[in-house]
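Throughout the sequence shown, residue numbering follows mature numbering (1 follows the signal peptide of the UniProt record, and there is no 0), covering -15 to -1, 1 to 629 in sequence.
A short worksheet on the structure shown next.
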Amino acid sequence: MLKLTLLAMLSSVRALVRSPLPRGTARSFHRGAPLRMGLEKLEGLRNVAIVAHVDHGKTTLVDAMLKEAEVFRANEAVEERVMDSNDQERERGITILAKNAAVEYKGVKINVVDTPGHADFGGEVERILNMVDGVLLVVDSVEGPKPQTRFVLKKALELGLQAVLVVNKIDRPSARPDYVVDKAFDLFVELDANDEQTDFSIVYASALQGKSGVEPDDLQDNMAPILDAIIESIPPPMVDREAPVQLLVANIDFDDFKGKLGIGRVRSGVLKANDKGSFGAMMGPDDTMRPIAVNDLFVYDNLGRKAVTEAAAGEIVMFSGVSDIMIGETVVAKDAPLPMEPLEVEEPTVSMSFAVNKSPLAGKEGDKLTSRVIRDRLMKELDRNVALQVEPQDSGDAFKVSGRGPLHLTVLIETMRREGFELEIGPPEVIIKDVDGVKSEPFDALEIQVPDEYASNVVDLLNRRKGEMTDMGKTETGDFTYVKYLLPTRSSIGLRTNMLSATRGTAVIDSNFDSYRPFAGDLEAREKGSLLAFEDGEATSFGLTGAQDRGQLFATPKTSVYKDMIVGVHQRPGDLRVNICKQKQLTNMRSATKGIVEGLSPPLELTLDSAVEYITNDELVEVTPESIRMCKKPGWDKKGKGKK
């Protein structure tokens, strides 16, 4: 407690030399004339976002809050992580897309937005924070604040939002709530939070068990303390209903019947449904205005939406009728247009090539093959994925797609694959910039926890990848060592696979984009080469048995292969062609493959993520609805081996 008191005094001193935003006052979101000062406090409404580092229990906490608010019927079967409705979200166990819900509690409507926790989807978080007045900052009771916690909290504090700290997973045997609260307070002060922001409420919870409380050792069998903290600590919207209408489009959804739907918060005035041209939509960057007509208007109700005739300032809404609406545009009154500041999303750091599939097996599994349909799909993705950039290449059949990280791009590739697309994907490449005349590249901040016995392996691996150690020490609990590094993003591509091998799967890796720094130079080439198919055909048990002595294989019997397709990892540097289609000569004693299968080693698992991490500059990933293959680029053996 003494430490908390001293830190609070320090925060108060800092607050005196700043001019913090008074609680509940309107922030300057518009570039036009100021809003009229007839502000009204909406006590019956709260807008809050749930933010956290990945896997700290954010979506599970939302599930528990929905149950507490009696969103579900008593006899209703409810899936876990009900807000993670996307197939990939359930398979990967992460939140990819921000989602809205609304609950009624003690006469107050609470608009809840669940946000992604992975750094690669930070663009979603940045947009969502513009729609809310506060955040629930969820932190693991053992791990404490992590890199993504810092990222989202920094964005929230810059917008003047108030936070409620939720120390989740308090039921873990190694929970250390006092340590986590201290670290969270340190982080608030370090990020220059004002005096009111550092005076945050604290709630302890076990979202999985549906318990929460204001003391770690005194939990209730419900989530009422969290909902009470939202009502008491998150300020209600301060709005001017008489001012001209303003709404910044922060997200976009699609409906099979209504088309494109804009999502945003009404900042001022009243937005009406079935309005025939009273409003105009303004582009944020260039202030060009065009008339629009809002057809349908919805507000969020539990996990669904409810049609309304009008929505006043402070409410988060969804509307239809504008087929060409874009994220970052502002809905305004034509006679008093006040455009809001366009959304600022951090620029991408990694790019990959998306091209038409030209392999010998192209067109056998997918039905979307041409450059035109690939282009149309990528342009459609730009409507809602503001952190993405797409540039056509000179060849006409390839596109350079840039995003926040490899995961950001592989999620898009997997989505397109499931929609029937066939693609050839190039290796991830970092985006190089000229900063003050110096060639610079993106660096990631890494924090790794590993058992003490493997710490030297981790340090050696990161040093060889041109990493710069910033901190190292013992963790508070267990025989673990933590290391913090600044590492070129180029080096972090493919790092997880090598790290898990070096630590036998015991390393916990957290990373986040840090900054652009001077170019670190060439990196060492991949340690092992690839095993390549010698000819077109179908892999046989006999051929695979002979090839597995040369390395580890991806292929299995009956796998269709073509010349220079990567079928395994060579045990030595350099590439080697192997004939896995070789047939055993028939005799009158037995069949060609009898007794051979038993001698085969299990193949390596090949996923989209592992394939993208594996390939180098002279290799490609072939993606189809049913298969993931890797191959060499045409002419690779003439140009020599590329470097990662």
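C-beta atoms are modelled at their ideal positions from N, C-alpha and C, and glycine is treated no differently.
In this text, all values refer to a predicted model and were calculated from it rather than measured experimentally.
With DSSP as the reference, please indicate the residues paired to residue i in a beta bridge.
| i | result |
| --- | --- |
| Leu121 | Ile35, Val149 |
| Asn96 | Asn32, Ala87 |
| Asn602 | None; Asn602 has no bridge partner. |
| Leu246 | Asp238 |
| Glu590 | Partner(s): none; Glu590 has no beta bridge. |
| Ala321 | Ala318 |
| Phe465 | Pro436 |
| Arg502 | Glu426 |
| Ser526 | Looking at the DSSP assignment, Ser526 forms no beta bridge with any residue, so it has no partner. |
| Glu175 | According to DSSP, Glu175 bridges with nothing at all. |
Does DSSP classify residue i as helix, strand or coil?
| i | result |
| --- | --- |
| Pro473 | strand |
| Lys139 | helix |
| Leu27 | coil |
| Ala160 | coil |
| Thr334 | coil |
| Ser253 | strand |
| Arg481 | helix |
| Val427 | The amino acid occupying residue 427 in the given sequence is Pro; Val does not appear at that position. Reduced to three states, the DSSP call for Pro427 is strand. |
| Arg535 | helix |
| Ser441 | helix |
| Ala62 | In this predicted model, Ala62 has a pLDDT of only 41, less than 50, meaning its place in the structure is not dependable; the value taken from the coordinates is given anyway. Reduced to three states, the DSSP call for Ala62 is coil. |
| Asn497 | strand |
| Ile113 | helix |
| Ser126 | coil |
| Phe339 | strand |
| Pro436 | strand |
| Ala49 | helix |
| Ala169 | helix |
| Arg449 | helix |
| His15 | Low confidence applies to His15: its pLDDT is 37, below 50, so where it sits in the model is not reliable enough to give any reading. |
| Glu512 | coil |
| Pro558 | coil |
| Pro132 | helix |
| Arg75 | With a pLDDT of only 49 at Arg75, under the threshold of 50, the placement of this residue in the model should not be trusted, and no figure is reported. |
| Arg489 | coil |
| Glu326 | coil |
| Glu414 | strand |
| Glu181 | helix |
| Glu404 | coil |
| Gly620 | coil |
Go to residue i, then tell me how far its beta strand (DSSP E) extends in each direction, as first and last residue.
| i | result |
| --- | --- |
| Glu409 | 408 to 410 |
| Ile187 | 186 to 191 |
| Arg614 | 613 to 617 |
| Thr315 | 315 to 318 |
| Ala518 | 515 to 518 |
| Met550 | 550 to 555 |
| residue 630 | One cannot answer for residue 630 here, as it falls past the ends of the chain, which runs -15 to 629. |
| Leu561 | 561 to 563 |
| Lys418 | 418 to 420 |
I'd like the span of the alpha helix (DSSP H) that includes residue i, first residue to last.
| i | result |
| --- | --- |
| Tyr599 | 593 to 599 |
ask   = If we count Cβ pairs, one from each stretch, closer than 8 Å, do we get three or more for the segment 509 to 524 versus the segment 545 to 557?
value = yes
key: the segment 462 to 477 / the segment 426 to 436 touching (three or more Cβ pairs under 8 Å)   = yes
query = Counting Cβ pairs closer than 8 Å, one from the segment 353 to 362 and one from the segment 378 to 393, do we hit at least three?
reply = yes
inquiry  = Quick check on the DSSP output: what are the complete alpha helix (DSSP H) runs of length 4 or more inside the segment 344 to 401, in order along the chain?
reply    = 356 to 367
ask   = At a cut of 8 Å, does the segment 42 to 52 reach the segment 140 to 159 through at least three beta carbon pairs?
value = yes
key: Cβ contact check for the segment 208 to 227 and the segment 175 to 191: 3 or more pairs under 8 Å   = yes
message = Would the segment 343 to 355 count as touching the segment 394 to 412 if we require 3 or more Cβ pairs under 8 Å?
response = yes
key: Inside the segment 277 to 313 only - beta strand (DSSP E) runs reaching at least 3 residues   = 282 to 286, 289 to 292, 295 to 297, 301 to 304
query = Taking the runs of the beta strand (DSSP E) that are 3 residues or longer, which of them lie wholly in the segment 183 to 242?
reply = 186 to 191, 196 to 200, 203 to 205, 231 to 240
ask   = Is the segment 452 to 461 in contact with the segment 484 to 495, if contact means three or more CB pairs nearer than 8 Å?
value = no
inquiry  = Count Cβ pairs between the segment 535 to 548 and the segment 491 to 506 that sit closer than 8 Å; are there 3 or more?
reply    = no
message = With three or more beta-carbon pairs closer than 8 Å as the criterion, would you say the segment 239 to 255 touches the segment 291 to 301?
response = yes
query = Is the segment 309 to 316 close to the segment 234 to 246, with three or more CB pairs under 8 Å?
reply = yes
inquiry  = Using 8 Å as the cut-off, can you tell me whether the segment 412 to 428 makes contact with the segment 332 to 348, which would need three or more C-beta pairs spanning the two stretches below that distance?
reply    = yes
ask   = Are there three or more Cβ pairs, one per stretch, closer than 8 Å when the segment 437 to 455 is compared with the segment 524 to 532?
value = no
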